[in-house]
Amino acid sequence: MSKEITSREQDYSQWYNDLVLKGGLADYSAVRGCMVIKPYGFALWENMRDVLDKMFKDTGHQNAYFPLFIPKSLFEAEEKNAEGFAKECAVVTHYRLKNDTANPGKLMVDPEAKLEEELVVRPTSEAIIWNTYKGWIQSYRDLPILVNQWANVVRWEMRTRLFLRTAEFLWQEGHTAHATREEAIAETQKMLEVYADFAENWMALPVIRGVKSANERFAGAEDTYCIEALMQDGKALQAGTSHFLGQNFAKAFDVKFSDRENKLEYVWATSWGVSTRLIGALVMAHSDDSGLVLPPRIAPLQVVIVPIYKGDEQKAKIDERVLPLIQELKAAGISVKYDDSDNTRPGWKFAEYEMKGVPVRIAIGARDLENNVAEVARRDTKEKASVSLDGIASHIKTLLNDIQEQIYNKAKAFRDANITPVNTWDEFVSVLDNKSGFVSAHWDGTGETEEKIKELTKATIRCIPLDNPQEAGTCILSGKPSTQRVLFARAY
RNA sequence: CGGGAAGUAGCGCAGUCCGGUAGCGCACCUGGUUUGGGACCAGGGGGUCGCAGGUUCGAAUCCUGUCUUCCCGACCA
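Heads up, the first sequence is in the numbering used here, so the first residue is -13 and it goes up one at a time.
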């Protein structure tokens, strides 16, 4: 089967779909808007999950698990949050099916099994968690509560895209409770930094740390912090969010604690999450027209070895040299696969592993053995080099680190080259239409202006960068005075 | 949810207008030759034509409904 990939230039959306499908990450399913994550894609997610999970635990968090279903009355308790999600909630109304007597062999919803109270399938878990926290918290001695859960959530999206926006997706959601405002804000910022660290150092994805405008804020939050990444087509993608929830949920669920002076106070809250959407970001940030390009630190498979031989005798000699090499690489903590299957030829394997984004390929043939070398090819640049078999394991280890760094540097150079400061409306529109990427511009700080800009250009404020330099200027649309630039972009 | 397109073997497609034995390439199986960028020869298997109704002697083909996907829009943390 030939697996041609649509080029980015020809059709960026189709290129993305081709990569996800042909790279073996995911498949469509029989359920509208829901995808099947295939073993290779799930292995990638597991690697990401494991790293993040360790980071959460290293910062004092513990995992727990809360129910998938949320009684409607709990869900609606925090009004803004409920309102924000209401339009995309799946709702369970019945608990039983029965045989359809009018239609033999078919089932129907049993009208007598209607639920007394409908259950909302969680689009996020603040409600059920804060309802639970009420029972866990009495005194300041019970705080902080630092809990995370790995879960699936459902948001009934109108238009879905593999990994980027699906009706059901996997994520983690951290939910913490604190005695003071300051501590909660510090937690929000700390977790944002964990996300940024993960994105940059593991996914090789440069991100901008920032705060959302009021319009883009999480429903029910006082402040939403985010990391924003730039894709190769110049569109921005929100890669993670961390919310300072103030006392909104504590008030909605009546969660109070006695402080040291025995005064009753409402608890301060945060929540933060990243999802399988990160896989979409990974694909779009690094890959090329030959397939996926995965950063070595989270690639499901770091090295593939392809033998090239004529006849069993040569194959045996190659095995003799390769098997110890595999042990050596594994001992160095490198994941490796020896693809000596005989049903495809080397050229096919080369193309296949390029499609799957395996960072390093080693090809070994009879000629190489004579010269005590192997051909080492790196996926990111497709450069090939002849490398001595003596000490090749340490060479590979260095190479993997180098690839990780190069991928990051390349993405960062692209990102930095696509943050364009503008001072006039004409420039603003022109950059969005002709260059795209982030546009750094003055904004008067009002929701009305932001909304108007969105209507006119489809660009939204992605974030107000943290540590943003303050400078006097005038809003590109309204001309009103502004104290700082913010980042606009068209986004996923 | 609106507009457009598509669904026929695992994948990519032809056949549909004009109803009459379901085809091609790749993949798969067997045997052989091969193996440094998607090998070749010979033989072989596999499809209730997305699903459900309808029209007809007869439906992949015509009609109705429905599901899934893609593109564009609306919506979206």
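Ideal Cβ placement from N, Cα and C applies to all residues, glycine included. Keep in mind that this is a model prediction, so the values were computed, not measured.
Cβ of residue i within 9 Å of Cβ of residue j?
{"i": "H272", "j": "K396", "result": "yes"}
{"i": "E214", "j": "I194", "result": "yes"}
{"i": "L473", "j": "S416", "result": "no"}
{"i": "V140", "j": "P109", "result": "yes"}
{"i": "I284", "j": "M189", "result": "yes"}
{"i": "A477", "j": "I382", "result": "no"}
{"i": "Q224", "j": "A255", "result": "no"}
{"i": "E69", "j": "A172", "result": "no"}
{"i": "L287", "j": "V197", "result": "no"}
{"i": "G27", "j": "W157", "result": "no"}
{"i": "L148", "j": "Y14", "result": "yes"}
{"i": "T162", "j": "V133", "result": "yes"}
{"i": "P467", "j": "D430", "result": "yes"}
{"i": "D325", "j": "V292", "result": "yes"}
{"i": "E441", "j": "S199", "result": "no"}
{"i": "F155", "j": "S261", "result": "yes"}
{"i": "D209", "j": "T174", "result": "yes"}
{"i": "G226", "j": "A182", "result": "yes"}
{"i": "L231", "j": "E98", "result": "no"}
{"i": "G459", "j": "R448", "result": "no"}
{"i": "I294", "j": "A349", "result": "yes"}
{"i": "L38", "j": "A137", "result": "no"}
{"i": "Q390", "j": "P310", "result": "no"}
{"i": "P192", "j": "R401", "result": "yes"}
{"i": "F52", "j": "I115", "result": "yes"}
{"i": "G423", "j": "N454", "result": "no"}
{"i": "L250", "j": "M34", "result": "no"}
{"i": "G220", "j": "F42", "result": "no"}
Could you spell out the range, first to last residue, of the alpha helix (DSSP H) harbouring residue i?
{"i": "P57", "result": "Not the alpha helix (DSSP H): P57 falls in the beta strand (DSSP E), residues F55 to P57."}
{"i": "Y119", "result": "E112 to W122"}
{"i": "F155", "result": "Segment E154 to H164 is the beta strand (DSSP E) holding F155; no alpha helix (DSSP H) there."}
{"i": "A397", "result": "I378 to A403"}
{"i": "F235", "result": "N234 to A238"}
{"i": "L309", "result": "G297 to A317"}
{"i": "E(-10)", "result": "It is not in any alpha helix (DSSP H) - E(-10) carries neither H nor E in the DSSP assignment."}
{"i": "M177", "result": "R167 to N187"}
{"i": "Q503", "result": "Here the chain covers residues -13 to 478 and nothing more, so residue 503 does not appear."}
{"i": "A360", "result": "It is not in any alpha helix (DSSP H) - A360 instead sits in the beta strand (DSSP E) that spans V359 to R364."}
Could you check how far apart the C-beta atoms of residue i and residue j are, in whole angstroms? I think they sit under 8 Å.
{"i": "A352", "j": "L375", "result": "A352 to L375, Cβ: 13 Å. No contact."}
{"i": "V269", "j": "L278", "result": "6 Å"}
{"i": "H428", "j": "I393", "result": "Going by Cβ atoms, the distance from H428 to I393 rounds to 34 Å, so no, they are not a contact pair."}
{"i": "N387", "j": "F239", "result": "With 8 Å as the limit, N387 and F239 do not qualify as a contact, their Cβ atoms being about 47 Å apart."}
Quick one: what's residue i bridged to in DSSP?
{"i": "P332", "result": "Paired residues: none, contrary to the question."}
{"i": "D13", "result": "V22"}
{"i": "G196", "result": "C212 and P451"}
{"i": "V37", "result": "According to DSSP, V37 bridges with nothing at all."}
{"i": "K73", "result": "Answer by DSSP bridge pairing: none, since K73 is not bridged."}
{"i": "P293", "result": "I350"}
{"i": "H428", "result": "R471"}
{"i": "L148", "result": "Answer is none; L148 lacks a bridge partner."}
Need the endpoints of the beta strand (DSSP E) that residue i sits in, please.
{"i": "H272", "result": "Not the beta strand (DSSP E): H272 falls in the alpha helix (DSSP H), residues R263 to H272."}
{"i": "D209", "result": "D209 to L216"}
{"i": "Y81", "result": "Y81 -> no beta strand (DSSP E), and no H or E assigned at all."}
{"i": "S468", "result": "P467 to A475"}
{"i": "F204", "result": "No beta strand (DSSP E) holds F204; DSSP gives it neither H nor E."}
{"i": "K342", "result": "Per DSSP, K342 belongs to no beta strand (DSSP E) and is neither H nor E."}
{"i": "E103", "result": "K100 to V107"}
{"i": "V95", "result": "L93 to V95"}
{"i": "V408", "result": "Note, V408: premise wrong, no beta strand (DSSP E); not H, not E."}
{"i": "L132", "result": "I131 to V140"}
{"i": "G459", "result": "Q456 to T460"}
{"i": "E251", "result": "L250 to Y252"}
{"i": "K242", "result": "K242 to S244"}
Spell out a yes or no on whether the region 244 to 258 and the region 115 to 131 are touching, meaning 3 or more CB-CB pairs, one atom from each, closer than 8 Å. yes
Stretch-stretch touch, CB-based, cutoff 8 Å, three pairs: the region 50 to 62 with the region 99 to 108: Short answer: they touch.
Counting Cβ pairs closer than 8 Å, one from the region 336 to 343 and one from the region 0 to 9, do we hit at least three? yes
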